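Asks: First the structure, then my questions, so here it is.
Numbering (full-length UniProt numbering), first residue to last: 1 to 78.
Below is the structure:
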């Protein structure tokens, strides 16, 4: 995909893209270099494991307070 995008770029755009990439590799992003999915996966597993045990109210509360909070931590929701 990158090759297709760069094929349509002029030399200045290619230089800017290379500079942006170098900056990201050097300093990461404002959110860091890595994201830990473990809390979200744990919350989702907990919900799935208890879906038939918990009442609808308990499930909703857990989803809103725990699983939903983990989802909000995903950088796509920032």
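Each residue gets a CB set at the ideal place from its N, CA and C atoms; glycine is no exception.
All values reported here derive from a predicted model rather than from experimental measurement.
At a cut of 8 Å, does the stretch 64-71 reach the stretch 41-49 through at least three beta carbon pairs?
Replies: The stretch 64-71, when compared against the stretch 41-49, does touch it at the 8 Å Cβ threshold.
Asks: Anyone know if the C-beta pair for residue 6 and residue 14 falls short of 8 Å?
Replies: For residue 6 and residue 14, yes; Cβs fall inside 8 Å.
Asks: Considering residue 9, what are the terminal residues of the alpha helix (DSSP H) in which it resides?
Replies: Taken as a continuous stretch (DSSP letters only), residue 9 belongs to no alpha helix (DSSP H), as it is neither H nor E.
Asks: Please list, in chain order, all residues of the same chain as residue 39 whose beta carbon is under 8 Å from its beta carbon, the five residues on each side excluded.
Replies: Excluding residues within five positions, the ones whose Cβ falls inside 8 Å are 70 and 73.
Asks: Just curious, the alpha helix (DSSP H) that residue 66 is in, first and last residue?
Replies: Neither: residue 66 is in no alpha helix (DSSP H) and is coded neither H nor E.
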